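Asks: Quick note: the sequence shown uses the numbering used here, first residue 50, plus one each step. Every residue, glycine too, gets a C-beta built ideally from N, C-alpha and C. All figures in this text were calculated on a predicted structure; none of them were measured in a lab. I'd like to ask you about the structure that follows.
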Amino acid sequence: LDGMRDKFKRSKLLEGYGLSEASPAVCVNPLEKSKVKSVGPALPTYEVKIVDENLVELPAQSVGDIICRGDNVMKGYWNRTDATEETIVNGWLLTGDMGYMDEEGYLYIVDRKKDLIISKGINIYPREIEEILDTFDGVKVSAVVGAFDEHCGEIPVAYIELEDGVEAVNEGELKRHLRQHLANYKIPKHIYTIEALPKNATGKVLKRVLKEELLDGSKPC
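Here it is, written out as structure tokens:
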């Protein structure tokens, strides 16, 4: 996004948030008062809350589960009653995303809940690590997943896809780059270079494929 802002200096880039189950958008940054790294406040037809595991609303700046309700939220999944009951509770859509809201009601996305890494009881958000990895020269895109560790429970492991024409990056320099921005416990134990990250038809990285690779021993943890 920073690169796009630099390239299109005369245009204003506005971030928003939506998902298939609540189409087309839940939050959008207003043109007159946008906030960098935020996806904006809820649209007039929506309510958005940040809640804990018991669906109790959390105060501003607290990271939790994002839930929403409104006119555009789906009624349910076709012929999938169990999935619907798990996803819609008391009229609220459990998005599966984690984030927080500021005092003005602007939403900030932290990560997908299923991608959360818990290491020695501490939450590690892969997206935070990926954003730093992606700023390193030569790295095109990255993906961070949790790998089982008998001492920590899980540890972060990174996969990187390199820019065209780049054969390799120095892992020591890459880790120094990470340490300039992240706490030591967030530094991936292993960084694997991969020709192309597995993606679905919409371009999303298939992290489950990467985790399966770790589980079947294709990569050491």
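(1) If we ignore side chains and look at the alpha-carbon of each, how far apart do Lys58 and Asp213 end up?
(2) I want to know whether the region 112-129 touches the region 83-99 - three or more CB-CB distances under 8 Å.
(3) Given that a residue counts as buried once 16 or more other Cβ atoms are within 10 Å of its Cβ, and exposed if not, what is Val188?
(4) Taking the straight line between their C-alpha atoms, what separation do you get for Arg225 and Pro108?
(5) Let me know the secondary structure DSSP gives Gly65 once reduced to three states.
(6) Could you please give me the residues that DSSP links to Lys98 through a beta bridge?
(7) Closest to Gly67 by C-alpha separation, out of Thr144, Thr184, Lys56 and Lys260, would be which residue?
(8) Taking the straight line between their C-alpha atoms, what separation do you get for Val138 and Lys256?
(9) Can you tell which of Gly221, Ile204 and Ser191 has the C-alpha that lies nearest to the C-alpha of Ala245?
(10) Does the beta-carbon distance from Gly195 to Ile166 come in below 8 Å?
(11) With Pro205 and Pro175 assumed to form a contact (beta carbons below 8 Å), what rounded beta-carbon distance in angstroms separates them?
(12) For Thr136 versus Glu70, is the C-beta distance shorter than 8 Å?
Replies: According to the structure data:
(1) 26 Å
(2) yes
(3) Looking at its Cβ environment, which holds 16 or more other Cβ atoms inside 10 Å, Val188 is buried.
(4) When rounded, the distance between both Cα atoms is 35 Å.
(5) strand
(6) Ile116
(7) Thr144
(8) 27 Å
(9) Ser191
(10) yes
(11) 7 Å
(12) In this structure, Thr136 sits near Glu70, with a CB-CB distance shorter than 8 Å.
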